[in-house]
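Every number in our numbering is 53 more than the matching position in the sequence shown, counting from 1. Quick notes on the structure that follows.
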Amino acid sequence: MLNSAIILEASSKCKQKLEIRIGKQLDQATVKDLLIPSRWYAKEVGYDVECVKRILKSFYCNYARSDILGRITAAELVEDFLVEVASDVDLNTETLTLLAEMSISASVGTQRSSDGLYRVIDVYLDKHRFLTESEREDICSILDCHKLSLEAREHASRNDRLPLRVVVQLLFVGQLSLRETLTKGREGCDDRLRKVAAREEEEEAVGVAGGCEEEVRIAMERMGSKVMELERECDMIRREIQSGCCGGARKEKAGMWREMKRKFGCTTSVINCDCHVKRHKKVHPRH
Numbered sequence: 054m055l056n057s058a059i060i061l062e063a064s065s066k067c068k069q070k071l072e073i074r075i076g077k078q079l080d081q082a083t084v085k086d087l088l089i090p091s092r093w094y095a096k097e098v099g100y101d102v103e104c105v106k107r108i109l110k111s112f113y114c115n116y117a118r119s120d121i122l123g124r125i126t127a128a129e130l131v132e133d134f135l136v137e138v139a140s141d142v143d144l145n146t147e148t149l150t151l152l153a154e155m156s157i158s159a160s161v162g163t164q165r166s167s168d169g170l171y172r173v174i175d176v177y178l179d180k181h182r183f184l185t186e187s188e189r190e191d192i193c194s195i196l197d198c199h200k201l202s203l204e205a206r207e208h209a210s211r212n213d214r215l216p217l218r219v220v221v222q223l224l225f226v227g228q229l230s231l232r233e234t235l236t237k238g239r240e241g242c243d244d245r246l247r248k249v250a251a252r253e254e255e256e257e258a259v260g261v262a263g264g265c266e267e268e269v270r271i272a273m274e275r276m277g278s279k280v281m282e283l284e285r286e287c288d289m290i291r292r293e294i295q296s297g298c299c300g301g302a303r304k305e306k307a308g309m310w311r312e313m314k315r316k317f318g319c320t321t322s323v324i325n326c327d328c329h330v331k332r333h334k335k336v337h338p339r340h
């Protein structure tokens, strides 16, 4: 509708209202919606970048800070738009930097990488090779090297269009990232080793406990066998004592009976008993 209003030469108030409506729904727009020809506005670029700046300002004035997904979508949309217009040789560095900073502002508080901005800078430097080293450094100042992915950082470190200072910074960030990765890997390896050692100690403790239980069980069985054996021996001794007491009583009674017969002058045989009577029989002599 905005393109139609521009073509039909609608009033500025009408176009302003349309820009505000677009800004409120920027997360639903596409890059094609933002590629507005500049023939009715600025003459120095192929697309009306000033109109896009007004739309972005409307978005920032109306968006909800809690809508993270909407902000990320808007930031990606601006980056895709900049990739399209960065090849225009008439696009000045101030306008590019301002739009890029708007995209960065929309990404605050999110985990988005800077790969999109790096792509914008790479295209812009490729189409603007006449820029001085200082101007290229100003363009690259919007790039956060710490938020580049590994692939983008490797590509940038070999990119001869980037200023030397930026390349050195990228290499330094790469070294820091590698060191952090190695440190985390070492810590993760140490954690795994500690877990394995703890698990082995636990298994060993369980095995030792199981072995102790087995030894106790065997000792108890042996002790039970010895107790049973002692009980049998005690029973045998008890029976022997009982039988011995009875035999002793009989022997004692027999001994007393012999002593009484001896006192009365009797022997153990009947003949011996009769002889005692014969000794008292009177014998008469023959005439």
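Backbone N, C-alpha and C fix where the C-beta goes; we use that ideal spot for every residue, glycine too.
If I measure Cβ to Cβ from residue i and keep anything under 8 Å in the same chain, skipping five residues before and after, which residues do I get?
{"i": "D141", "result": "V98, G99, Y100 and K180"}
{"i": "K66", "result": "none"}
{"i": "L224", "result": "S210"}
Taking the alpha carbon of residue i as the point to measure from, which residue in the options has its own alpha carbon closest?
{"i": "L152", "options": "Q164, V176, S187 and K110", "result": "K110"}
{"i": "G76", "options": "S91, V161, I89 and V105", "result": "V105"}
{"i": "E132", "options": "S160, T146, L170 and T150", "result": "L170"}
{"i": "V161", "options": "D120, R239 and L135", "result": "D120"}
{"i": "E190", "options": "E147, L229 and S230", "result": "E147"}
{"i": "V221", "options": "R214, S230, L229 and S210", "result": "S210"}
{"i": "T234", "options": "P90, L203, R247 and V176", "result": "L203"}
{"i": "L149", "options": "H208, T163 and F134", "result": "F134"}
{"i": "M155", "options": "I108, T185 and F183", "result": "I108"}
{"i": "R124", "options": "A159, L184, L231 and D143", "result": "A159"}
{"i": "E129", "options": "E188, K248 and Q164", "result": "Q164"}
{"i": "C114", "options": "H208, Q78 and K248", "result": "Q78"}
In three-state DSSP terms, what is residue i?
{"i": "Y100", "result": "strand"}
{"i": "A95", "result": "Reliability fails at A95, whose pLDDT of 45 lies under 50, so the model's placement of it is uncertain and the value that follows must be treated cautiously. Reduced to three states, the DSSP call for A95 is coil."}
Excluding the 5 residues preceding and the 5 following residue i in the sequence, name in chain order all residues of the same chain whose CB lies nearer than 6 Å to its CB.
{"i": "G227", "result": "R206"}
{"i": "L88", "result": "Y100"}
{"i": "E293", "result": "none"}
Going by beta-carbon coordinates alone, are residue i and residue j separated by less than 8 Å?
{"i": "V84", "j": "A139", "result": "no"}
{"i": "L178", "j": "I192", "result": "yes"}
{"i": "V219", "j": "V176", "result": "no"}
{"i": "D80", "j": "A127", "result": "yes"}
Here's a check: name, in chain order, each residue in its chain whose Cβ is nearer than 7 Å to the Cβ of residue i, leaving out the five neighbours to either side.
{"i": "S167", "result": "L196, D197, K200 and L201"}
{"i": "K70", "result": "none"}
{"i": "I73", "result": "S111"}
{"i": "S91", "result": "V98, G99, Y100 and D101"}
On the DSSP letters alone, give me the boundaries of the alpha helix (DSSP H) that residue i sits inside.
{"i": "R124", "result": "I121 to V138"}
{"i": "Q69", "result": "S65 to K77"}
{"i": "G169", "result": "D168 to K180"}
{"i": "I347", "result": "Not covered by the structure: residue 347. The range shown for the chain is 54 to 340."}
{"i": "K85", "result": "V84 to L87"}
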